[in-house]
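Please read the structure below before turning to the comments.
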Amino acid sequence: MITIAITNAKGGVAKTTTAINLSSYLALQGKKVLILDIDPQGNITKNFLDLQMGLKAKGVTMYDVFYKYVIDGKKNIVKEAIRKSNSENIFILPSTLKMEQFKDNISLHSRERSKVLRNIIKPIKKDFDYLIIDCPADLSVYVENSIEIADYIVLPSIFDLYSIDGLSLAIPLIWDIKGKGFENYLILYTMFNPRATKIQAELEQYSRELEEAGKVFEGRVPIDQNIRNAQANFVNLMEDPTYKNSKARLVYEEFGNFVLTNWK
270 MITIAITNAK GGVAKTTTAI NLSSYLALQG KKVLILDIDP QGNITKNFLD
320 LQMGLKAKGV TMYDVFYKYV IDGKKNIVKE AIRKSNSENI FILPSTLKME
370 QFKDNISLHS RERSKVLRNI IKPIKKDFDY LIIDCPADLS VYVENSIEIA
420 DYIVLPSIFD LYSIDGLSLA IPLIWDIKGK GFENYLILYT MFNPRATKIQ
470 AELEQYSREL EEAGKVFEGR VPIDQNIRNA QANFVNLMED PTYKNSKARL
520 VYEEFGNFVL TNWK
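Each step along the sequence shown adds one to the number in our numbering, with nothing skipped, and position 136 is 405.
Here is the structure:
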């Protein structure tokens, strides 16, 4: 199972949108994909399951999985939490708002706080081709755990000062956990406006240095109303033929093909 964490310390950079479209592309290629929603907001859970899932927390969620493992003597119920989504080949480990309340318990009750998730997913590693982790917009213990188990890391970012600041926090955390020799991360620019502003021009040099180091995906996901329309209608941009000519979809298809071809 290839594990890909999608993270950035800054919110509003299309992490969940990226997780949805990457997962959908891989699933459409016949890959069996498990999405781990480790964000207490549970947006990807709501997208693939019931809208109210993240609020009502029906059934076993990742909150229960963490609670049982950390508090109840390492009892592992991860298999009970896996749900079949409404998309072919996509399965979900759902989140809930209660995850926000529990993250401090992981630090308090576990000596190896960043390795809890690694132990939790051991029983399912052979059951899926890909594990896609949708992380919260912070540097919490959930993000630490996600980075620790990731084979590859995607860093979605808007081309603005605040999002770049988010990268400047996330990348050092990656190196702290994985070691400075870890190179398997890639920045994906999202909601890109081709009409360069002064701020964008000032950021070009920083971006160019990252591109020269091979750390930026060549395609940039543009601002595209189709993304909002698809989300509002609870349909999948990658699957719904209504959006086959969406510019954002085309870039996500290119990115998905890159992942499928290069990340083994």
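Quick reminder that beta carbons are idealized off the backbone N, C-alpha and C, glycines included.
Start-to-end residues for the beta strand (DSSP E) that takes in residue i
{"i": "Y458", "result": "454-459"}
{"i": "I304", "result": "302-306"}
{"i": "V334", "result": "It is not in any beta strand (DSSP E) - V334 instead sits in the alpha helix (DSSP H) that spans 331-339."}
{"i": "S426", "result": "421-427"}
Three-state class that DSSP yields for residue i in the structure shown
{"i": "F485", "result": "Phe is not the amino acid found at residue 485; the sequence shown has Val there. In this structure, V485 counts as strand in the three-state DSSP scheme."}
{"i": "I359", "result": "strand"}
{"i": "L506", "result": "coil"}
{"i": "I443", "result": "helix"}
{"i": "T276", "result": "coil"}
{"i": "K516", "result": "helix"}
{"i": "I271", "result": "strand"}
{"i": "K353", "result": "strand"}
{"i": "D253", "result": "As displayed, the chain neither begins before 270 nor continues past 533, which places residue 253 out of reach and without an answer."}
{"i": "M322", "result": "Note that M322 scores a pLDDT of 48, beneath 50, so its modelled location is shaky; the value from the coordinates is reported in the next line. M322 falls in the helix class under three-state DSSP."}
Beta-carbon separation (whole angstroms), residue i vs residue j, contact threshold 8 Å
{"i": "D333", "j": "D403", "result": "In fact, because the Cβ distance is near 18 Å, the residues do not count as touching under 8 Å."}
{"i": "A439", "j": "T276", "result": "6 Å"}
{"i": "R497", "j": "V520", "result": "R497 to V520, Cβ: 16 Å. No contact."}
{"i": "M507", "j": "Y338", "result": "Their Cβ separation, rounded to whole angstroms, is 33 Å, which puts M507 and Y338 out of contact at 8 Å."}
Residues near residue i by beta carbon distance below 8 Å, same chain, minus five either side
{"i": "I446", "result": "S383, E413, I416, E417"}
{"i": "P491", "result": "M460, F461, N462, P463, K516, A517, V520"}
{"i": "L318", "result": "R352, S354, N355, I361, P363"}
{"i": "K513", "result": "none"}
{"i": "Y454", "result": "Y421, I422, V423, L424, I440, I443, K484"}
7 Å Cβ shell around residue i - same chain, five flanking residues per side excluded
{"i": "L436", "result": "N277, L424, S426, I456"}
{"i": "S292", "result": "V302, I304, I359, I401"}
{"i": "P392", "result": "N345, V347, K348"}
{"i": "Q321", "result": "Model confidence at Q321 stands at a pLDDT of 47, short of 50, so the residue's coordinates are unreliable and nothing is read from them."}
{"i": "K449", "result": "none"}
{"i": "F371", "result": "Y332, F335, Y336"}
Residue i Cβ short of 6 Å to the ligand FAD heavy atom set
{"i": "D445", "result": "Looking at this structure, you won't find the ligand FAD or any other ligand, since it has none at all."}
Delimiting residues of the alpha helix (DSSP H) encompassing residue i
{"i": "F317", "result": "312-317"}
{"i": "L295", "result": "284-297"}
{"i": "S415", "result": "410-418"}
{"i": "N462", "result": "That residue, N462, is in no alpha helix (DSSP H); it is neither H nor E in DSSP."}
{"i": "N498", "result": "494-501"}
Same chain, Cβ closer than 6 Å to residue i, neighbours up to 5 away in sequence not counted
{"i": "L386", "result": "N414, I418"}
{"i": "E369", "result": "P309"}
{"i": "A326", "result": "For A326, the predicted structure reports a pLDDT of 49, less than 50, and the residue's modelled location is therefore unreliable. The matter cannot be settled from this model."}
{"i": "A288", "result": "I275, I313, I401, D403"}
{"i": "L324", "result": "Low per-residue confidence applies at L324: pLDDT is 46, beneath 50, and the placement is therefore not dependable enough to give any value."}
{"i": "M270", "result": "K394, F397, L400"}
CB contact below 7 Å: residue i versus chain B
{"i": "L362", "result": "Looking at the structure shown, chain B is missing, and only one protein chain is on hand."}
Give, in chain order, every unbroken run of the beta strand (DSSP E) that is at least 3 residues long and sits entirely within the stretch 362-391.
none
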